[in-house]
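2 protein chains.
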Amino acid sequence: MSEAKRRIGVVAPASRMSAEVAERVLTLAAALYPDRTPEISFHPQCFASHGHFAGDDELRARAFLDIANDESTDAVWFARGGYGSCRVAEAILRGLTETSRRKSYLGYSDAGVLLAALYQAGFAAVAHGPVAQDILREGGERAVGRALAWMIDRAPETLEPTVGSAQKSAAFNMTVLSQLLGTPLQPDLDGHVLMLEEVAEAMYRIDRSLFHITSNVGIRRVTGIMLGRCRNITPNEPDFGMNEEEVARYWCRRSGIPWLGRADIGHDVDNKIVPFGATRTAGR
Amino acid sequence: MSEAKRRIGVVAPASRMSAEVAERVLTLAAALYPDRTPEISFHPQCFASHGHFAGDDELRARAFLDIANDESTDAVWFARGGYGSCRVAEAILRGLTETSRRKSYLGYSDAGVLLAALYQAGFAAVAHGPVAQDILREGGERAVGRALAWMIDRAPETLEPTVGSAQKSAAFNMTVLSQLLGTPLQPDLDGHVLMLEEVAEAMYRIDRSLFHITSNVGIRRVTGIMLGRCRNITPNEPDFGMNEEEVARYWCRRSGIPWLGRADIGHDVDNKIVPFGATRTAGR
């Protein structure tokens, strides 16, 4: 563990962050790390507004680059998901400097677009895990505490339990990964354990996303699929007739991709951290 | 125009068809074609039920092949969309015989999965247009009358107005096409005018689908994109800030795909017919 104060920059390449998030996250960080409180800087862009987004495409891309390319920042933390990262990924990739490669990146859901892009570009510390806005969930301090413990100390207990240095991992929201397939942003997941979670989709859409994902020739080179939690599944008319695990097992069987069981990830406060690629933990 | 009676087979590779559809379609067909009423045969599978689907995967695939491979059938008409064609496409492609190539196929929405597969397999008469269940819409006789006029006579007035023999066309529901990208079912649309419509999606999802579609290197070889109607757009929180045409123009501009204006297709009774590829009309 490092005794130096960590500097974390928060940016919102998709939807706007709620104003109360900053205050609550800073309070929590001070309570958890009284002697070495991390400096958490919320880019003003987090609070900007432009239709659906936290500022227009140009502002969001520029804000991300401000933090990613800043020498003094150790970690780039996604304010939240929502929607919009796909609109800025190209501009961000174009603007990243060598400095940006030396820091960690943490987020999930819509942020998966940028995690995929950064991982594909060879960034070493890209991880799927809680965002700042998770503080607003009931018990959200657990999620944010876990995010801080990973960004500050790479604490091993923050990791999804099956993550290990022996195998490569990656984690995505199903819909987000689906929307990258067949584009230049599709990540190469050859030899990875692929963990997938979903939120607020009907079961027929989960089935369709898994058809899409497991039908892709690149995805078929994964070591296997693990299913995270599928939260707030919306009503299916008529009842779909299968649950998410049955659906995931079906598409694994159809595609020949090994089914590796359940993963401890999801749109909730228990969402564990999945570093992309081989895992780097403290002391290794 | 042919004076011979046409034989149309109806099958439901996705969701279950309502029972009243058959009766109403048969009544309409008898009224429209009193002297040469087409023989419209609804496969019993249309009324089967298995969770979300009109029968299990095996039953739906077999029913489609029953009709497609039947010597006496001139046209294969999709009972409806819904969801489920992606589960049976592989089995259907495996089971199709030479006979199946000599007939026409008409449907839209989820049926787009099979239209893509058949078109990709070189079938000559594959078209995007009304399904039998459209009879249940207000004024649905117009939609079904148009479908019959195309299947029976290839009537030129049934076609989307910009469809012409000079250029190739294809039409899809955005979400359905999106879910084929990067899979073996993705159609080669090089040199085609691509028409896209949507129903019951939030504007951020329309934006995301268009990101996905226009980011695909194969899709970038289309002649241009035309936007059909986007019906029953669900609420976007907050307001997206752009309408569907602004969003489509944005992604055309971003991707370099020519924007070719609006197309007369959609989830409604005005949904015109778009034959895939170069158009064959009566007398040509």
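Chain order of the listed sequences is V and G.
Residue numbers for the first sequence follow my numbering, so the first one is 49 and each next one is one higher.
Residue numbers for the second sequence follow my numbering, so the first one is 49 and each next one is one higher.
C-beta atoms are modelled at their ideal positions from N, C-alpha and C, and glycine is treated no differently.
Values in this document were obtained by computation on a predicted structure and should not be read as measured data.
Just curious, the beta strand (DSSP E) that residue i is in, first and last residue?
i, result
"ARG301 (chain G)", "ARG301 (chain G) -> not in any beta strand (DSSP E); alpha helix (DSSP H) instead, spanning 292–303."
"GLY276 (chain V)", "272–279"
"GLY57 (chain V)", "55–59"
"ARG310 (chain V)", "307–310"
"GLU138 (chain V)", "No beta strand (DSSP E) contains GLU138 (chain V), which is instead part of the alpha helix (DSSP H) from 133–143."
"LEU229 (chain V)", "Unbroken run through LEU229 (chain V): none, as it is neither H nor E."
"GLU285 (chain V)", "Looking at the DSSP string, GLU285 (chain V) is not in any beta strand (DSSP E), and its letter there is neither H nor E."
"ILE88 (chain G)", "87–90"
"LEU242 (chain G)", "240–247"
"ALA218 (chain G)", "216–221"
"PHE126 (chain V)", "123–126"
"VAL174 (chain V)", "174–176"
Alpha carbon to alpha carbon, how far is residue i from residue j?
i, j, result
"THR85 (chain V)", "ASP201 (chain V)", "12 Å"
"ALA203 (chain G)", "ALA197 (chain G)", "6 Å"
"GLY309 (chain G)", "LEU184 (chain G)", "29 Å"
"ILE254 (chain V)", "ARG279 (chain V)", "11 Å"
"PRO82 (chain V)", "VAL211 (chain V)", "30 Å"
"HIS91 (chain V)", "ASN291 (chain G)", "29 Å"
"ASP105 (chain V)", "HIS98 (chain V)", "9 Å"
"PRO283 (chain V)", "VAL69 (chain G)", "25 Å"
"GLY239 (chain V)", "GLY304 (chain V)", "14 Å"
"SER257 (chain G)", "ALA296 (chain G)", "10 Å"
"VAL59 (chain V)", "ALA159 (chain G)", "41 Å"
"TYR298 (chain V)", "VAL322 (chain V)", "25 Å"
"ALA165 (chain V)", "PHE126 (chain V)", "14 Å"
"ARG110 (chain G)", "GLY155 (chain V)", "45 Å"
"GLY187 (chain V)", "SER217 (chain V)", "27 Å"
"CYS300 (chain G)", "PHE259 (chain G)", "9 Å"
"ASP318 (chain V)", "MET251 (chain G)", "30 Å"
"ALA79 (chain V)", "PRO178 (chain V)", "18 Å"
"PHE112 (chain G)", "LEU233 (chain V)", "36 Å"
"MET65 (chain V)", "ASN117 (chain V)", "22 Å"
"MET49 (chain V)", "LEU163 (chain G)", "Below a pLDDT of 50, predicted positions are generally treated as unreliable, and MET49 (chain V), at 49, falls in that range; no measurement from the model is reported."
"SER263 (chain G)", "ILE273 (chain G)", "13 Å"
Can you find a C-beta in chain V that's less than 8 Å from the C-beta of residue i?
i, result
"ALA330 (chain G)", "Caution is warranted here: a pLDDT of 44 is assigned to ALA330 (chain G), below 50, making its placement in the model unreliable, and no coordinate value can be reported."
"PHE288 (chain G)", "yes"
"HIS98 (chain G)", "yes"
"TYR156 (chain G)", "no"
"ARG256 (chain G)", "yes"
"MET49 (chain G)", "Residue confidence is low: MET49 (chain G) scores 49 on pLDDT, short of 50, so the model does not pin down where it sits. Its coordinate-derived value is still stated next. False, the Cβ-Cβ gap to chain V never drops below 8 Å."
In chain G, which residues lie less than 7 Å from residue i when you measure between Cβ atoms?
i, result
"GLN168 (chain V)", "Per Cβ cutoff of 7 Å: no residues; GLN168 (chain V) is ~14 Å from chain G at best."
Residues of chain G with CB closer than 9 Å to the CB of residue i, please, in chain order.
i, result
"HIS260 (chain V)", "CYS134, SER226, GLN227, LEU228, LEU229, GLY230 and THR231"
Taking only beta-carbon atoms, is residue i less than 8 Å away from chain G?
i, result
"ASN284 (chain V)", "yes"
"GLN234 (chain V)", "yes"
"CYS94 (chain V)", "no"
Starting from residue i, trace the alpha helix (DSSP H) in both directions and tell me its first and last residue.
i, result
"ALA77 (chain V)", "67–80"
"GLY193 (chain G)", "188–201"
"GLY155 (chain G)", "Here GLY155 (chain G) belongs to no alpha helix (DSSP H); instead the beta strand (DSSP E) covers 152–155."
"PHE112 (chain G)", "105–116"
"PHE259 (chain G)", "251–262"
"VAL161 (chain V)", "160–168"
Could you name the residues of chain V that residue i contacts, counting a contact when the two beta carbons are closer than 9 Å?
i, result
"TYR347 (chain G)", "Residue 347 (chain G) falls outside the range modelled here, since chain G spans only 49 to 332, and no answer is possible."
So which residues of chain C does residue i contact, with C-beta pairs closer than 9 Å?
i, result
"TYR153 (chain V)", "Note that chain C does not occur in the displayed structure, where the protein chains are V and G."
For the segment 262–279 of chain G, which residues have a CB atom closer than 8 Å to at least one CB atom of chain V, in sequence order? SER263, ASN264, VAL265 and GLY266
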